[in-house]
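Enquirer:
Chains as they are written, first to last, in this note's numbering: chain A, 1 to 282; chain B, 1001 to 1282.
(1) Hey, residue 157/A and residue 22/A: beta-carbon distance below 8 Å or not?
(2) To test your reading of the DSSP string, which unbroken beta strand (DSSP E) runs of 3 or more residues are found completely within the stretch 136-224 of chain A?
(3) Within a Cβ cutoff of 6 Å, which residues of the same chain sit near residue 1011/B, ignoring the five residues on either side of it in sequence?
(4) May I ask you to report which of helix, strand or coil DSSP gives residue 93/A?
(5) Could you run through the stretch 1020-1049 of chain B and flag, in chain order, every residue whose CB is less than 7 Å away from some CB of chain A?
(6) When you check each C-beta in the stretch 1097-1116 of chain B against every C-beta of chain A, which residues fall closer than 7 Å?
(7) Who are the neighbours of residue 1218/B on chain A, taking C-beta pairs under 8 Å?
(8) What's the C-alpha gap between residue 118/A and residue 1019/B?
(9) Does chain A have any CB closer than 8 Å to the CB of residue 1197/B?
(10) Determine whether the beta carbon atoms of residue 1254/B and residue 223/A lie at a separation below 8 Å.
(11) Does the stretch 24-36 of chain A come into contact with the stretch 134-143 of chain A, if we say contact requires no fewer than three beta-carbon pairs (one atom in each stretch) closer than 8 Å?
(12) Which residues in chain B have a C-beta closer than 9 Å to the C-beta of residue 178/A? List them in chain order.
(13) Is any beta-carbon of chain A found at less than 8 Å from that of residue 1194/B?
(14) Could you run through the stretch 149-166 of chain A and flag, in chain order, every residue whose CB is less than 7 Å away from some CB of chain B?
(15) Using a threshold of 8 Å, state whether the C-beta atoms of residue 1195/B and residue 1186/B are closer than that.
(16) Is the CB-CB distance between residue 1175/B and residue 1247/B below 8 Å?
(17) Please tell me whether residue 232/A has its Cβ less than 8 Å away from any Cβ of chain B.
(18) Of the residues that make up the stretch 1124-1140 of chain B, which ones have a beta carbon closer than 9 Å to any beta carbon in chain A?
(19) At a cut of 8 Å, does the stretch 1225-1240 of chain B reach the stretch 259-274 of chain A through at least three beta carbon pairs?
(20) Which residues of chain A have a Cβ atom closer than 7 Å to the Cβ of residue 1173/B, listed in chain order?
(21) Kindly say whether residue 1001/B, judged by its beta-carbon, lies nearer than 8 Å to any beta-carbon of chain A.
(22) Please report whether the beta-carbon of residue 1120/B lies at a distance below 8 Å from any beta-carbon of chain A.
(23) Mind pulling the chain A residues with CB within less than 9 Å of residue 1169/B?
(24) Using the rule of at least 16 other Cβ atoms within 10 Å of the residue's Cβ for burial, across every protein chain shown, is residue 1008/B buried or exposed?
(25) Note down, in chain order, each residue of its chain lying with its Cβ closer than 7 Å to the Cβ of residue 282/A, except the 5 sequence neighbours on either side.
(26) In angstroms, rounded to a whole number, what distance separates the CA positions of residue 1125/B and residue 1191/B?
(27) Around the C-beta of residue 1094/B, are 16 or more other C-beta atoms found within 10 angstroms, so that it is buried, or is it exposed?
(28) Does the contact criterion of 3 or more C-beta pairs under 8 Å hold for the stretch 101-111 of chain A versus the stretch 136-150 of chain A?
(29) Between which two residues does the alpha helix (DSSP H) holding residue 1002/B run?
(30) According to the neighbour-count rule (16 or more other Cβ atoms, all chains shown, within 10 Å of its Cβ), is residue 1170/B buried or exposed?
(31) Which same chain residues, not among the five before or five after residue 1073/B, have their C-beta less than 6 Å away from its C-beta?
(32) What are the boundary residues of the alpha helix (DSSP H) that includes residue 106/A?
(33) Just to confirm the assignment, what range does the beta strand (DSSP E) spanning residue 48/A have?
(34) Run through DSSP, which three-state label would residue 130/A get?
(35) Measure the alpha-carbon distance for residue 208/A versus residue 152/A and round it to whole angstroms.
(36) Kindly list, in the order they appear in chain B, the residues whose Cβ is closer than 8 Å to that of residue 94/A.
Quick look at the structure:
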């Protein structure tokens, strides 16, 4: 197929590598000419340009920009694409994107490949990044079956595990396992550094070990990305945060009341139920 | 020196291996005869017994029982030890232990080697477990200088990095970097499993990745240990939890108010300040 990729970063660049390896012709667009050159040089695309008209013959276009640019990109693209082109995105929040995109373009299906590395940019692109990783597709009742089929087939070729759900279900699920942990973890760091005894704080720095390292990791991540999650997934994240606060308060109350038996019951439950999530990720 | 170890688990057993390697004579006590046999067989102690009288000639005794047994163990030991014997413990909370132990035995100094593995028991004992790990000693104004010196010298021989502080400072520091993370992380798991849409919950299980795995790790740990932390370090932990709740509420409020600028400032701060803790642990 003729495949377009708009946005040649880690995800767009990696998609190009794999789709070309599957025998597709891949054309890319980036805002920067230097990124286009790198993308061609590393074999991520057959051709690349800063001019969106290069995508005119694409049968499917993957929009791989940051969240805030997905809808503006679609507004640009629809002026040059034939009505048959299927559009899909890779944004980590789906409800607002799918709502806006579907009203602009009939052949749109939202997507979210859940893969990545600590790096970003075209230089970080990797082959087989999506193999055995979840790739969520979020069709709505209005999404054309043909669009679902075309994108599903490409995602299968990437070796991903496909999940289908409504955009709202995706956003609730990722608010639990991805966005809530960021806020929980950031609050941990924010609270520790409020310690007013300088000696205690320095001791805490020195004694911090793997437990603190792991629990604080995602709270020490990319601030812009954290804000994006909160901004685009605000409703679901607030709901998760309120539930979290309720469970935290329950634990605080049990410790205040010295109710060690009920605290142990909660900790037994969390130990046991963590396996539901973590068995799957090994 | 003649060194006694009361409690031959991971920590006691590992201490024995290293102290013997330094040329000391090590005698151990365990409640179980089979543990005594294993400790001798793996070279952790020269001699071991279920009878505490075997420790009668020890110049220093390391008490390596679980937190709840430290003070009862001292009550037993003081009936058979000469007044010159130095007692020290390895408990992860210091204030209540040091208070009770110091009133029972003049030559007592609290200690906390911050090392371990996921395993427990004498079979898990390892050589060099304490090398380049923090070992906190918590003398009080009443602790004899000679006791501080004797235990410090042994800890240096283990290759640990020694920190000295008041018991209360130790407990506040570990409440931030060890006990608070457990409650924060357990609350995360407890809240996620409250999701009422079964499809969303299953999707969350499937999509959970390294971010969720790391943030939930210590909340899925040993429930008895979690309760011990809360029970023995209740005051410091509650103070940390209240501060944490305040910082969490601040983040919730900013998201409610869509104040993305201030949220980004917090996330920039937590990213930056995490290095204070984590640079040290690599």
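Each residue gets a CB set at the ideal place from its N, CA and C atoms; glycine is no exception.
Expert: To lay it out plainly:
(1) Note that the C-beta distance between residue 157/A and residue 22/A is below 8 Å.
(2) Secondary structure remark: continuous beta strand (DSSP E) runs of at least 3 residues inside the stretch 136-224 of chain A, in chain order: 161-164.
(3) Around residue 1011/B: 1064 and 1090.
(4) Taken through DSSP and simplified to helix, strand or coil, residue 93/A comes out as coil.
(5) Taking 7 Å as the Cβ-Cβ cut-off against chain A, none of the residues of the stretch 1020-1049 of chain B qualify.
(6) Along the stretch 1097-1116 of chain B, the positions whose C-beta sits under 7 Å from a C-beta of chain A are 1114, read in chain order.
(7) Within 8 Å Cβ-Cβ: 211, 214 and 215.
(8) Going from the Cα of residue 118/A to the Cα of residue 1019/B covers about 42 Å.
(9) Judged by the 8 Å Cβ criterion, residue 1197/B is in contact with chain A.
(10) Contact: no.
(11) In this structure the stretch 24-36 of chain A does not lie against the stretch 134-143 of chain A, because fewer than three pairs of beta carbons, one per stretch, are closer than 8 Å.
(12) At a C-beta separation below 9 Å, residue 178/A has these neighbours in chain B: 1207, 1208, 1209, 1211 and 1212.
(13) Taking Cβ atoms only, chain A reaches closer than 8 Å to residue 1194/B, which makes this a yes.
(14) Considering only beta carbons, the part of the stretch 149-166 of chain A lying closer than 7 Å to chain B consists of 163 and 165, in chain order.
(15) Contact check for residue 1195/B against residue 1186/B fails: the beta carbons are separated by 8 Å or more.
(16) Contact: no.
(17) So, not an interface residue.
(18) Flagged, chain order: 1133, 1134 and 1136.
(19) Because the criterion of three Cβ pairs below 8 Å is met, the stretch 1225-1240 of chain B and the stretch 259-274 of chain A touch.
(20) Residues of chain A with a Cβ closer than 7 Å to the Cβ of residue 1173/B are, in chain order, 200, 203, 204 and 207.
(21) Output row for residue 1001/B: interface = no.
(22) Residue 1120/B does not count as touching chain A.
(23) Result: 197, 199, 200 and 203.
(24) It is buried - the Cβ of residue 1008/B has at least 16 other Cβ atoms within 10 Å.
(25) Unreliable positioning characterises residue 282/A in this predicted model, as indicated by a pLDDT of 46, which lies under 50. The coordinate reading is nonetheless provided below. Cβ neighbours of residue 282/A beyond the five flanking positions: none.
(26) Residue 1125/B and residue 1191/B: Cα-Cα distance of roughly 36 Å.
(27) When all chains shown are included, residue 1094/B counts as buried.
(28) Proximity of the stretch 101-111 of chain A to the stretch 136-150 of chain A meets the contact definition, three or more beta-carbon pairs being nearer than 8 Å.
(29) If you look at residue 1002/B, you'll find it isn't in any alpha helix (DSSP H); it sits in the beta strand (DSSP E) that goes 1002-1006.
(30) So residue 1170/B counts as buried.
(31) Closer than 6 Å at Cβ, skipping near neighbours: 1006, 1063 and 1065.
(32) Run containing residue 106/A: none; DSSP gives neither H nor E here.
(33) Where residue 48/A is concerned, the enclosing beta strand (DSSP E) stretches over 47-49.
(34) In the displayed model, residue 130/A falls within coil according to three-state DSSP, outside both helix and strand.
(35) Straight-line Cα distance between these residues: approximately 45 Å.
(36) Those do not exist, as residue 94/A stays about 12 Å from chain B at its closest Cβ, beyond 8 Å.
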